[in-house]
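Asker: Just passing along the structure, written as structure tokens.
Number of protein chains: 2
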Amino acid sequence: MLLILRSAARVFCAKGYEGASMRDISRASGVALSSLYYYCRNKQGLLFQIQMTAFTEILARLAPRLAGADDPAQQLRALVRNHLEYSLEHPDEMKVLAHEADSLAGRERKAVAEIKRRYYRKAMEIFEALEAKKRVRPLDPRVAVLSLFGMMNWIHTWHRSGTDPGAEELGRAIATIFLDGVLENRLAARQTAARPARPVAAGERARRVPPMAAEAPARASS
Amino acid sequence: MLLILRSAARVFCAKGYEGASMRDISRASGVALSSLYYYCRNKQGLLFQIQMTAFTEILARLAPRLAGADDPAQQLRALVRNHLEYSLEHPDEMKVLAHEADSLAGRERKAVAEIKRRYYRKAMEIFEALEAKKRVRPLDPRVAVLSLFGMMNWIHTWHRSGTDPGAEELGRAIATIFLDGVLENRLAARQTAARPARPVAAGERARRVPPMAAEAPARASS
DNA sequence: TAGTTTGTAGAACGAACGTTCGATCGGGAA
DNA sequence: TTCCCGATCGAACGTTCGTTCTACAAACTA
């Protein structure tokens, strides 16, 4: 079964979800076409299990690393490092995650959206803790955090494992760009107060709580 | 014909290249299925024309804006602004660009890869000019520039035109994060020399010139 | 031993796919 | 009028798709 999921991830990654046929997966895994349906209800079920497993694993790995770092900046570095390590360890699954986010529908789509949202919320909380502790630029926090995810999730489009830096150096670079780009660091005064750098209209922060996506409609199926 | 391309972009965006059928495009454009083949050789030809047109337009818009700004930092802001404006004006085409980068094959794939590469080189040159003028962190320039593209190209996955900021504010935020994240701005001394912040082994920069991607193999077609 | 479960596989289903073919239509050229 | 040519279309071709059905072999249960 693990073999099937891994083969399916490889095929989905190489040809896209719609472009990959169950016969391709059968060939890649060495399991007969009809036998695939013993392990999953659907082609969609395969994609679902791949995505769900990946997000679950990322979150599971993240938790202890966050617990080990109490400074928000360090926590953010840990999140980036964790994301990138998984990314480079499982490039196929990661590409499927980023590429085929909209290929699911119905209940399964909802489930993946929810765990993805949990992940995003965690990053957002860290960023808010950072805002509370350090002086942060007058940026929309949603834009900032999603830009960070952008840097991380774009990597699979250009990274070549032989010649490009590994997770450690990559993570250091991206986390540094983000932190120094986001922190108000022009002069000495390191503030301890939670005061945001820009006066914020009442409710402006709260209004933006439902984030990441109001869950875009699934790709039309017909 | 423009109608066909626009409809095709909308359909490709909504269902993915492989998931979209020529019949879908026929329905969306109001042009009979067989008539589509009067304007393009292939389904692939449609995707090719969409991608080529988009990149050409982005580059065409970029040139005058770069000419209007001589400071590398301002040029970089112009590039970001230009990219984001096109992104929000043509979200469908942009999603197709980011999502279906690997769906082409053969000659057409090569052509798109080359113009994309031209775009990347332009960004790289600006970054190198920045390095020559300002003090820059010891970062792999390839990683830095591609992270910037990551922030920009990820936007289409989360941006909702009604509630999220427009190109101007978005561009300002992303360019600021990038510039302040990349520039060595901790203390006063603003250097004019081209000296990189970190000693660089001879040839290290030159070795990395072939960038963005050594052109990954196309998705297997069978 | 007999019966049930677990895993595998071949063959086939109807539907949808990309693409081609030949016919038709309208308007400028002779 | 006659001819022609760019543009459009319905119908069909052969292929491949996701999925189901049925059968069969080994392994465990009683």
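If you're matching them up, the sequences are chains A and B in order.
Counting in the numbering used here, the first sequence runs from 1 upward without gaps.
Counting in the numbering used here, the second sequence runs from 223 upward without gaps.
The C-beta atom is built at its ideal place from N, Cα and C for all residues, glycine as well.
Nothing here was measured: the structure is a model prediction, and the numbers come from that model.
1. Within its chain, find whatever has a CB closer than 7 Å to the CB of residue 245 (chain B); leave out the 5 residues flanking it on each side and keep chain order.
2. If I measure Cβ to Cβ from residue 82 (chain A) and keep anything under 6 Å in the same chain, skipping five residues before and after, which residues do I get?
3. Using the C-alpha atoms, what's the distance from residue 165 (chain A) back to residue 52 (chain A)?
4. Name the chain B residues that come within less than 8 Å of residue 176 (chain A), Cβ to Cβ?
5. Can you give me, in chain order, the residues of the region 11 to 32 of chain A that have a beta carbon less than 7 Å from any beta carbon in chain B?
6. Mind checking which residues open and close the alpha helix (DSSP H) that includes residue 338 (chain B)?
7. The alpha helix (DSSP H) with residue 323 (chain B) in it runs from where to where?
8. How should residue 204 (chain A) be labelled, buried or exposed, when 16 other C-beta atoms within 10 angstroms of its C-beta is the threshold for buried?
9. Would residue 103 (chain A) count as contacting chain B if we go by Cβ distances under 9 Å?
10. In terms of alpha-carbon separation, which member of B:261, B:270, B:292 and B:397 lies closest to residue 327 (chain B)?
11. Closest Cβ-Cβ distance between residue 368 (chain B) and chain A: below 9 Å?
12. Given this structure, state the Cα-to-Cα distance separating residue 72 (chain A) from residue 174 (chain A), to the nearest angstrom.
13. Over the uninterrupted alpha helix (DSSP H) stretch that includes residue 264 (chain B), give me the two end residues.
14. Take every Cβ of the region 93 to 100 of chain A, pair it with every Cβ of the region 13 to 31 of chain A, and state whether three or more of those distances are shorter than 8 Å.
15. Start and end of the alpha helix (DSSP H) containing residue 305 (chain B)?
16. How about residue 345 (chain B) and residue 371 (chain B): do their beta carbons lie closer than 9 Å?
17. Might you give, ordered along the chain, the residues of its own chain that have their beta carbon closer than 8 Å to the beta carbon of residue 333 (chain B), omitting 5 neighbours on each side?
18. According to DSSP, residue 227 (chain B) sits in a beta bridge with which residue or residues?
19. Is DSSP giving residue 404 (chain B) helix, strand or coil here?
20. List the endpoints of the continuous alpha helix (DSSP H) containing residue 238 (chain B).
21. So residue 368 (chain B) is in the alpha helix (DSSP H); what residue range does that whole segment cover?
22. With a threshold of 9 Å between beta-carbons, can residue 199 (chain A) be considered close to chain B, or not?
Answerer: To lay it out plainly:
1. Excluding sequence positions up to five before and after residue 245 (chain B), its CB lies within less than 7 Å of the CB of 255, all in the same chain and listed in chain order.
2. Closer than 6 Å at the Cβ level, and outside the excluded window around residue 82 (chain A), lie 61, 62 and 65.
3. Taking the straight line joining both Cα atoms gives about 28 Å.
4. Neighbours of residue 176 (chain A) on chain B, chain order: 359, 361 and 403.
5. Flagged, chain order: 14, 15, 16, 18 and 19.
6. From DSSP, the alpha helix (DSSP H) with residue 338 (chain B) extends over 328 to 355.
7. In the DSSP assignment, residue 323 (chain B) falls outside any alpha helix (DSSP H), carrying neither H nor E.
8. For residue 204 (chain A), the pLDDT reaches just 49, beneath the cut-off of 50, and the residue's location in the model is therefore unreliable, leaving the point undetermined.
9. Cβ-Cβ to chain B under 9 Å: yes for residue 103 (chain A).
10. Looking at the Cα atoms, B:270 is the closest of the given residues.
11. Cβ-Cβ to chain A under 9 Å: yes for residue 368 (chain B).
12. Roughly 16 Å between the two C-alpha positions.
13. No alpha helix (DSSP H) contains residue 264 (chain B), which DSSP labels as neither H nor E.
14. Touching, yes.
15. Note, residue 305 (chain B): alpha helix (DSSP H), 294 to 311.
16. Yes, these two residues count as a Cβ contact at 9 Å.
17. Within the same chain, and ignoring the five residues on either side of residue 333 (chain B) in sequence, the residues whose Cβ sits closer than 8 Å to its Cβ are 270 and 274.
18. BP columns for residue 227 (chain B) are empty, so no partner.
19. Residue 404 (chain B) falls in the helix class under three-state DSSP.
20. Careful: residue 238 (chain B) lies outside any alpha helix (DSSP H) and carries neither H nor E.
21. Its alpha helix (DSSP H) spans residues 363 to 376.
22. Because residue 199 (chain A) carries a pLDDT of 45, less than 50, the predicted location of this residue cannot be relied on, and the following value inherits that uncertainty. Not flagged as an interface residue toward chain B: residue 199 (chain A), since no C-beta distance is shorter than 9 Å.
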